[in-house]
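Enquirer: Chains as they are written, first to last, in the numbering used here: chain X, 182 to 527; chain S, 182 to 527; chain Z, 182 to 527; chain F, 182 to 527. Quick one: the structure is below, and I'll ask about it shortly.
Protein chains: 4
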Amino acid sequence: MNALVYQGPGKKNLQNMPRPALQDAADAIVRITKTTICGTDLHILKGDVPTVKEGRILGHEGIGIIEEVGTSVTRFRKGDSVIISCITSCAKCEYCRRGMCSHCEQGGWILGNTIDGTQAEFVRIPWADTSLLHIPENADTEAMVMLSDILPTGYECGVLNGCVKPGDIVAIIGAGPIGLATLLTAKLYTPADIIMIDVDDHRLDVAKRFGATKLINSSDGKAMSRIMTMTHGRGVDVAIEAVGIPATFSLCQSIIAPGGHIANIGVHGESVPLHLETLWSQNITITTRLVDGVTTQLLLKTITSGRLLPTQLISHRFKLSEVMSAYETFGNAAREQALKVILTND
Amino acid sequence: MNALVYQGPGKKNLQNMPRPALQDAADAIVRITKTTICGTDLHILKGDVPTVKEGRILGHEGIGIIEEVGTSVTRFRKGDSVIISCITSCAKCEYCRRGMCSHCEQGGWILGNTIDGTQAEFVRIPWADTSLLHIPENADTEAMVMLSDILPTGYECGVLNGCVKPGDIVAIIGAGPIGLATLLTAKLYTPADIIMIDVDDHRLDVAKRFGATKLINSSDGKAMSRIMTMTHGRGVDVAIEAVGIPATFSLCQSIIAPGGHIANIGVHGESVPLHLETLWSQNITITTRLVDGVTTQLLLKTITSGRLLPTQLISHRFKLSEVMSAYETFGNAAREQALKVILTND
Amino acid sequence: MNALVYQGPGKKNLQNMPRPALQDAADAIVRITKTTICGTDLHILKGDVPTVKEGRILGHEGIGIIEEVGTSVTRFRKGDSVIISCITSCAKCEYCRRGMCSHCEQGGWILGNTIDGTQAEFVRIPWADTSLLHIPENADTEAMVMLSDILPTGYECGVLNGCVKPGDIVAIIGAGPIGLATLLTAKLYTPADIIMIDVDDHRLDVAKRFGATKLINSSDGKAMSRIMTMTHGRGVDVAIEAVGIPATFSLCQSIIAPGGHIANIGVHGESVPLHLETLWSQNITITTRLVDGVTTQLLLKTITSGRLLPTQLISHRFKLSEVMSAYETFGNAAREQALKVILTND
Amino acid sequence: MNALVYQGPGKKNLQNMPRPALQDAADAIVRITKTTICGTDLHILKGDVPTVKEGRILGHEGIGIIEEVGTSVTRFRKGDSVIISCITSCAKCEYCRRGMCSHCEQGGWILGNTIDGTQAEFVRIPWADTSLLHIPENADTEAMVMLSDILPTGYECGVLNGCVKPGDIVAIIGAGPIGLATLLTAKLYTPADIIMIDVDDHRLDVAKRFGATKLINSSDGKAMSRIMTMTHGRGVDVAIEAVGIPATFSLCQSIIAPGGHIANIGVHGESVPLHLETLWSQNITITTRLVDGVTTQLLLKTITSGRLLPTQLISHRFKLSEVMSAYETFGNAAREQALKVILTND
């Protein structure tokens with residue numbers, strides 16, 4: 182089968198690979214029908230994720246059709262249409278039982294990381310019963326791809342951890358795909374204002390179209406003073422970090438109101454100064470989280486009822502066989518005005 | 182009247198000062214019967230708290246007898262025995278209505294800071310109706326002094342913010358008075374283990390007597406490895422910082438289990454590296470808080486029912502006229518084996 | 182001044198009454214500019230509320246202009262535009278400090294009940310600082326009247342107590358003004374479905390216009406079976422009772438899914454059979470609540486940001502001098518297709 | 182093997198039965214080492230539980246040794262010592278994923294109900310990986326039996342649902358084994374007072390020994406007035422129903438303070454009048470729950486750390502072969518002063 186294979190830092194190849202087979206009674210083999218590329222895949226290609234070894238098929242998002250299931254799989258059978266969660270969950274370990282499936286003792290984020298992933302014609306899914314979801318009839322299949330990772334990540338790590346509530350002023354730092362997914366799911370709680378901050382005017386335009394109420398291009402270094410002006414010196418109730426660098430996390434600290442929440446989504450590569458010399462008395466809460474995928478069912482209901490339209494996040498469409506071009510486009514997001522790309526395997 | 186007056190960095194004096202008078206209809210004048218010294222008072226004397234000006238009477242804890250009330254005070258009258266909260270709350274502003282009285286627009290921590298405090302024979306208490314509490318008949322008056330600050334601080338900033346629950350493994354970094362008050366109130370939720378970390382063996386002995394299940398003298402720099410061994414490599418559910426320096430906050434980061442809570446109590450003077458490069462995916466929560474005093478009534482019930490014995494925190498007793506000696510003792514806590522000191526004004 | 186006065190069961194009169202004067206330092210006198218009529222006022226007129234005595238000026242909702250304040254009032258002054266909360270809160274008692282202002286030891290629901298109310302040219306508001314809210318500049322004044330009672334009641338007693346969340350199926354029994362206010366505020370949390378149940382087709386039409394996704398006219402006694410069909414036999418996540426009779430509370434019990442919430446808003450006059458013989462094992466939660474008014478500020482932000490449009494609730498407008506006609510209209514709501522009426526005092 | 186078999190209302194028999202065999206890949210066969218009798222077993226014998234058919238082996242509690250596991254069981258193997266949860270959980274269905282395992286689509290309470298139970302030498306446990314727990318080395322095995330049902334039931338349905346917190350006044354109606362288990366687990370949250378109500382003085386004596394602070398023998402019908410006197414007319418913060426009849430649930434309603442929680446544990450056979458005519462405005466919360474078993478691990482940690490001593494609940498010990506006598510004793514609990522009985526299978 183065709184698959185996109187990591188060949189070491191800076192190198193990837195679309196090549197023929199053996200089709201995966203069942204290895205465990207709880208496995209399923211899924212024929213991929215649609216997949217996508219994540220910012221994390223770009224990190225991997227830079228060599229930033231040491232757990233990913235050469236020869237690994239990349240990708241941890243996608244939907245497909247069940248091809249075959251192991252003997253202990255009870256909730257899926259050949260022919261079922263499924264969403265693949267980026268988080269593999271055994272549902273048995275103490276972490277899974279607490280709902281913290283990201284830290285599953287036998288799963289977590291393993292697809293396209295420590296086992297082969299979804300940017301291929303077929304993929305093996307361990308613990309299939311609790312790592313796949315049924316796609317309802319008549320659902321928009323492109324919308325379903327957004328449930329693998331980006332929507333639950335924005336919702337769980339940003340919106341739920343940030344405790345967004347009606348009437349709040351929310352700032353989202355970073356208007357890339359994950360920041361925009363956070364924006365879409367923040368709206369489920371009807372905050373009074375969503376301030377979107379980025380350095381790319383195109384992305385800010387998109388954010389406006391998605392419902393952001395205020396836009397700040399932070400290129401001039403004045404984001405903090407503008408936000409403090411907008412909030413009459415009070416700061417924001419919720420600051421969501423969706424970039425992953427010290428400057429943006431620092432901005433969160435400088436704009437948070439007393440009693441506010443800073444919710445980190447970004448994948449960080451270095452430590453950040455935490456200004457406890459001022460924050461110690463400010464009654465703030467800072468959270469970090471790797472998505473657990475425990476809200477995917479809730480988000481699915483929200484989509485099927487027409488209240489969340491994630492296909493807005495999709496900017497480009499390719500065939501799976503064009504995956505190299507898709508990476509080219511997604512990897513030059515600013516130039517290409519790319520958000521999420523869909524790769525279809527017919 | 183006699184009062185302990187701040188005279189600039191390193192300088193304080195017990196001297197005659199004018200007796201305070203009512204300034205506002207919501208004020209009360211309280212005759213102090215017992216007061217105490219807080220670690221924050223030592224910070225002030227070092228010159229670390231710029232809001233405190235020369236000539237200020239220090240002290241934000243104590244109990245006393247109402248001497249006089251303003252015309253709008255309805256819940257207290259002359260002769261009532263009262264606990265003085267270290268947090269003055271107008272109960273009217275948006276912060277107070279949200280229960281975040283520490284950020285009261287007209288109050289917060291002002292006693293012994295921006296207005297004269299309690300280390301004196303009399304003190305003026307603004308917003309008396311919502312900044313004082315009645316002392317029940319037959320209550321142990323020394324126990325009541327511990328409700329001004331140290332118990333609600335340990336409980337709100339450490340135990341509640343840390344979400345301590347039955348079965349948890351809790352680490353408290355710092356076995357000074359505030360760490361010990363945290364220990365006493367953590368026990369209200371029956372964690373499985375309370376690990377106490379300090380550099381002073383005497384304080385660790387006290388912690389053991391108070392119910393700590395494991396003790397670590399961190400002088401040798403091996404606290405982290407010991408805790409990871411104790412917890413079979415998993416880390417602790419709750420890490421409470423009760424010192425206020427980078428090293429102890431960093432220790433919290435290194436011992437926290439995935440999904441755990443780091444609750445900061447310490448007053449910090451500088452920023453601390455936050456290790457987002459590892460913590461971003463660990464689903465942890467970090468909180469800061471200045472005590473709000475919203476649980477004082479709950480703690481009072483716990484004391485009067487005999488389930489919390491805060492007088493254990495008291496190591497030395499003085500007359501108010503001996504306040505200079507009391508500072509000498511409290512300021513040399515390790516040498517004097519001092520915890521909280523009680524100053525009585527007869 | 183003109184005022185609407187209760188004259189015993191079935192009797193009311195618009196008559197001249199003495200203008201109220203300050204009685205306490207915490208009082209304010211408000212000149213009413215707009216008021217409205219509540220379903221509770223009709224209950225009073227039936228003689229169902231024994232705390233209301235003959236000679237009482239009715240009404241607990243409205244907005245106005247501060248005419249005069251007592252000496253301890255600090256947050257309002259003559260000329261301020263204010264919303265009057267139906268709940269008077271001293272902010273000092275234990276209930277108020279817990280946010281349960283409905284049970285304020287010196288307040289609660291007293292306006293138009295145990296003290297004179299708002300259907301008059303002037304009203305005296307006790308504990309003015311914590312029982313009034315400032316109206317922002319440029320706010321729609323009719324929308325502000327909806328913040329006195331009906332919006333926080335629907336939101337606190339129905340939506341918050343019912344724990345409405347994204348993706349939920351919510352049933353609201355009763356499409357009168359309070360049920361419709363519940364519908365408007367339930368939408369703040371983006372449930373997947375809002376099923377509205379009533380016996381009046383006009384009100385169901387209004388509910389549809391307001392965003393209900395499914396309508397059931399329960400006149401034929403088949404509401405339960407229809408809802409169970411709609412939910413594939415599972416039942417609803419949240420059932421909100423907004424009528425106040427045994428039949429509607431029983432319906433809630435018969436349609437609630439395991440793990441669901443039944444939130445009672447209705448004012449009941451008799452007991453209701455609770456079917457513990459089936460519900461004991463269904464993991465359900467039943468709540469009751471008299472509105473506390475603690476979310477009025479949040480709802481105000483939601484209105485001023487344009488995300489909640491409460492003027493939809495207003496069907497008729499009168500002058501205050503036409504209050505007798507207004508009661509006639511509001512009291513024949515079905516025939517008059519009346520929702521909330523606005524009474525203006527120019 | 183020997184097993185206690187239900188033979189229709191009023192009839193049971195200790196008889197030879199075929200040893201259970203694996204039926205599904207997720208099954209385990211457990212050799213019972215200790216089991217016990219539940220009040221529910223007595224209900225079954227009265228014919229009150231129609232799902233239990235003649236020929237069923239009774240019992241849903243116990244510990245044992247794994248004898249054999251199905252091919253998909255990964256967390257247990259032959260020889261492991263295990264606690265059997267009374268709730269069988271597939272961990273895959275939507276209810277299990279929400280933590281509401283009591284309503285597992287393929288499990289829930291099935292042992293000794295719709296499939297054969299634990300009062301036998303061997304038992305088949307479906308979904309073994311998520312329905313069994315490992316017994317730690319050196320644990321007191323009798324204490325472990327209390328984790329099958331009675332402790333999590335008291336804790337989840339009574340203490341957690343009742344939101345018991347430090348300083349609260351808690352009333353527990355019913356001092357039978359389940360009421361006493363509730364008392365033991367309520368103490369984990371250090372309420373100020375635990376008032377125990379029963380008609381049996383012996384059980385009240387036991388409650389006192391277990392830590393109840395106030396005792397009421399309700400035989401004289403004056404429980405309500407006594408509790409209102411004890412609480413200065415205010416009522417209790419939490420009322421826990423642990424009997425299952427209308428009179429005791431009604432008592433809960435009459436003693437609950439505004440803002441309080443009524444947590445039902447009792448298995449009810451008929452409906453109960455809910456006094457909404459008074460409670461509608463009292464801001465109370467009523468909960469029902471069938472135990473989910475989601476806190477068993479937490480309670481296990483609490484036991485192994487020595488902070489919960491459930492063996493206090495055990496009054497009598499028998500051999501499994503004496504199970505008929507054990508029922509005789511347990512069924513005449515008042516006369517025999519029986520609490521929980523332990524049946525050992527050597």
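Just so it is clear, CB atoms sit at the ideal spot from N, CA and C, and this is done for glycine as well.
1) I need the DSSP call for residue 368(X), collapsed to helix, strand or coil.
2) Out of 354(Z), 310(Z), 405(Z), 201(Z), point me to the one whose CA is closest to residue 182(Z)'s CA.
3) By how many angstroms is the C-alpha of residue 349(S) removed from the C-alpha of residue 318(F)?
4) Taking DSSP's pairing of strands, which residues face residue 305(F) in a bridge?
5) Against chain Z, with Cβ distances strictly below 8 Å, would residue 341(X) count as a contact?
6) Alpha carbon to alpha carbon, what distance is there between residue 377(S) and residue 354(S)?
7) To the nearest angstrom, how far is it from the Cα of residue 471(F) to the Cα of residue 284(F)?
8) Beta-carbon of residue 482(X) versus every beta-carbon of chain C: anything under 8 Å?
9) Distance check for residue 417(X) and residue 346(X), CA to CA, integer angstroms please.
10) If we count Cβ pairs, one from each stretch, closer than 8 Å, do we get three or more for the stretch 501-521 of chain Z versus the stretch 467-482 of chain Z?
11) Just to confirm, are residue 436(F) and residue 408(F) a CB contact at a threshold of 8 Å?
12) Does the beta carbon of residue 391(S) sit closer than 8 Å to a beta carbon anywhere in chain X?
13) Are the Cβ atoms of residue 290(S) and residue 241(S) separated by less than 8 Å?
14) Is the beta carbon of residue 244(Z) sitting closer than 8 Å to the one on residue 265(Z)?
15) What is the residue span of the beta strand (DSSP E) that residue 499(X) lies within?
16) Can you give me the start and stop residues for the alpha helix (DSSP H) that residue 449(X) sits inside?
17) Could you check the C-alpha separation between residue 338(F) and residue 399(X) for me, to the nearest Å?
18) Which residues, taken in chain order from the stretch 360-371 of chain Z, show a beta carbon closer than 9 Å to some beta carbon of chain X?
19) At the 8 Å Cβ level, is residue 421(F) part of the contact set with chain Z, yes or no?
20) Is the distance from the Cβ of residue 185(S) to the Cβ of residue 301(S) below 8 Å?
21) Between 275(Z), 251(Z), 279(Z), 496(Z), which lies nearest to residue 519(Z) when the distance is taken from Cα to Cα?
22) Using the rule of at least 16 other Cβ atoms within 10 Å of the residue's Cβ for burial, across every protein chain shown, is residue 516(X) buried or exposed?
23) Which chain Z residues sit within Cβ distance under 7 Å of residue 517(S)?
24) Alpha carbon to alpha carbon, how far is residue 340(X) from residue 363(X)?
25) Closer than 9 Å between beta carbons: that is the criterion. Which residues of the stretch 262-287 of chain X meet it against chain S?
26) Which first and last residues belong to the beta strand (DSSP E) in which residue 272(F) is found?
27) I believe residue 256(S) touches residue 273(Z) by the beta-carbon criterion, under 8 Å. Please report the beta-carbon distance rounded to the nearest angstrom.
28) Counting only Cβ pairs nearer than 7 Å, list the residues of chain Z close to residue 502(S).
29) Quick check on the burial criterion: 16 or more other C-beta atoms within 10 angstroms. Buried or exposed for residue 390(Z)?
30) Can you give the Cα-Cα distance for residue 403(Z) and residue 269(S), rounded to whole angstroms?
31) Measure the beta-carbon distance from residue 334(Z) to residue 446(Z) and round it to whole angstroms, keeping in mind my assumption that it falls under 8 Å.
32) Rank 451(F), 386(F), 510(F), 352(F) by C-alpha distance to the C-alpha of residue 434(F) and give the top, closest one.
33) Closest to residue 359(X) by C-alpha separation, out of 328(X), 370(X), 246(X), 382(X), would be which residue?
34) In three-state terms, what does DSSP make of residue 478(S)?
35) Just list the alpha helix (DSSP H) runs in the stretch 299-360 of chain X, keeping only unbroken ones of 4 residues or longer that don't cross its boundaries, in chain order.
36) Taking just the CA atoms, how far does residue 221(X) sit from residue 448(X)?
Expert: Here's the rundown:
1) helix
2) 201(Z)
3) 19 Å
4) 210(F)
5) no
6) 6 Å
7) 8 Å
8) The structure shown contains no chain C; its protein chains are X, S, Z and F.
9) 12 Å
10) no
11) yes
12) no
13) yes
14) yes
15) 495-500
16) That residue, residue 449(X), is in no alpha helix (DSSP H); it is neither H nor E in DSSP.
17) 51 Å
18) 366, 368, 369, 370, 371
19) no
20) yes
21) 496(Z)
22) exposed
23) Correct list: empty, because the minimum Cβ distance to chain Z is about 38 Å.
24) 7 Å
25) 276, 279, 281, 283, 284
26) Residue 272(F) -> no beta strand (DSSP E), and no H or E assigned at all.
27) 6 Å
28) Residues of chain Z passing the Cβ test: none, with the nearest at roughly 35 Å.
29) exposed
30) 58 Å
31) 7 Å
32) 352(F)
33) 328(X)
34) helix
35) 322-326
36) 8 Å
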